[in-house]
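First the structure, in the form of structure tokens, and then the observations on it.
Residue numbers (our numbering): 19 to 295.
Structure follows, in structure tokens:
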């Protein structure tokens, strides 16, 4: 007797085996095949962030499951849904949490400009039983550009930082889960297509001091997100890109074949001469 297969687990297993660059499109296809899995897939699988324009302020903001209500998304700049929800009301944070959300959006807008020199940032907070929670979203896309030699390259960086903050006496306990989605591509007639895509997830928990002013929460979350982004960026650069460089180096040598053959022959002669002594 065979055990029953969970459709949700099968969908996740399928997504892990497909190209990470096409995750958003593949989720849409899975939802069309199994509509009952839509909510679970949207909550469990991170995809590159979509951008919308706030009608009140004219500023771009990022869309995710944490600011979604049906087919509408709440703008962090106006605190209103785009487009308006059907019943005229949507889930919005309390007055205290909204004040912190506004400060956080101002702070991370400066962070985005300093570290990314462009892109879009959005911060969303919401109330929970023993404190509050939120997410910090950052996106930077590089449009397709043609470099020397006819190489066309493009790329995008999406980072999703979800945290929970539990208030305690003079301190707060923060739990941060960070996801980075990186897509890089290149195309040239002589070399063909190159696609380097994937995501990385890291978690950290930390107790940090707070004052009577809620602004200390924004400062603490900002420090944690900044430290986590720096660690994940260095890890991507040193480990993942380093490994990709080694693989490419093993597949294709930069030196001419004649030079490589001459070096191998010289090395073989030295070994043979040492063995004859």
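All residues carry an ideal CB built from backbone N, CA and C; glycine is no exception. Since the structure is predicted, the reported quantities are computational estimates derived from the model, not experimental observations.
Would you tell me roughly how many angstroms separate the C-alpha atoms of residue i and residue j, rounded to the nearest one?
i: residue 63; j: residue 292; result: 59 Å
i: residue 97; j: residue 264; result: 48 Å
i: residue 224; j: residue 195; result: 12 Å
i: residue 213; j: residue 276; result: 30 Å
i: residue 78; j: residue 269; result: 43 Å
i: residue 159; j: residue 185; result: 36 Å
i: residue 202; j: residue 172; result: 6 Å
i: residue 42; j: residue 61; result: 13 Å
i: residue 36; j: residue 188; result: 47 Å
i: residue 121; j: residue 23; result: 46 Å
i: residue 76; j: residue 87; result: 21 Å
i: residue 182; j: residue 129; result: 21 Å
i: residue 59; j: residue 231; result: 38 Å
i: residue 40; j: residue 92; result: 26 Å
i: residue 19; j: residue 27; result: Unreliable positioning characterises residue 19 in this predicted model, as indicated by a pLDDT of 40, which lies under 50. A coordinate reading is not provided.
i: residue 247; j: residue 57; result: 28 Å
i: residue 290; j: residue 266; result: 31 Å
i: residue 70; j: residue 227; result: 36 Å
i: residue 81; j: residue 89; result: 11 Å
i: residue 197; j: residue 280; result: 47 Å
i: residue 94; j: residue 52; result: 32 Å
i: residue 12; j: residue 282; result: Because the chain spans 19 through 295 in this model, residue 12 falls outside it and cannot be assessed.
i: residue 192; j: residue 205; result: 43 Å
i: residue 180; j: residue 170; result: 34 Å
i: residue 113; j: residue 32; result: 42 Å
i: residue 249; j: residue 174; result: 18 Å
i: residue 241; j: residue 288; result: 57 Å
i: residue 116; j: residue 244; result: 22 Å
i: residue 218; j: residue 103; result: 34 Å
i: residue 161; j: residue 50; result: 30 Å
i: residue 34; j: residue 284; result: 46 Å
i: residue 229; j: residue 190; result: 10 Å
Just to check my reading of the structure: residue i and residue j have Cβ atoms closer than 8 Å, yes? What is that Cβ distance to the nearest angstrom?
i: residue 110; j: residue 126; result: That belief does not hold up - the Cβ atoms of residue 110 and residue 126 are roughly 19 Å apart, past 8 Å.
i: residue 143; j: residue 119; result: 4 Å
i: residue 254; j: residue 200; result: 7 Å
i: residue 9; j: residue 66; result: Because the chain is modelled from 19 through 295, residue 9 falls outside the range shown and cannot be assessed.
i: residue 29; j: residue 48; result: 5 Å
Tell me residue i's beta-bridge partners as DSSP assigns them.
i: residue 142; result: 153
i: residue 99; result: 92
i: residue 317; result: Residue 317 cannot be examined here, being either before or after the span of the chain that is shown, 19 to 295.
i: residue 86; result: 91
Query raised in the report: What beta strand (DSSP E) runs, 3 residues minimum, are completely inside the region 179–254?
Result: 189–206, 210–227
Query raised in the report: Is it a yes or a no for the region 248–260 touching the region 147–159, going by three-plus beta-carbon pairs under 8 Å?
Result: no
**Report entry** the region 235–253 in contact with the region 202–213 per 3-pair CB rule at 8 Å
**Finding:** no
**Report entry** Segment contact flag, the region 126–140 with the region 151–159, C-beta cutoff 8 Å, min 3 pairs
**Finding:** A contact exists between the region 126–140 and the region 151–159.
**Report entry** Contained alpha helix (DSSP H) runs [length at least 4] in the region 44–84, N- to C-terminal order
**Finding:** Uninterrupted alpha helix (DSSP H) stretches at least 4 residues long and entirely within the region 44–84 occur at 56–62, given in chain order.
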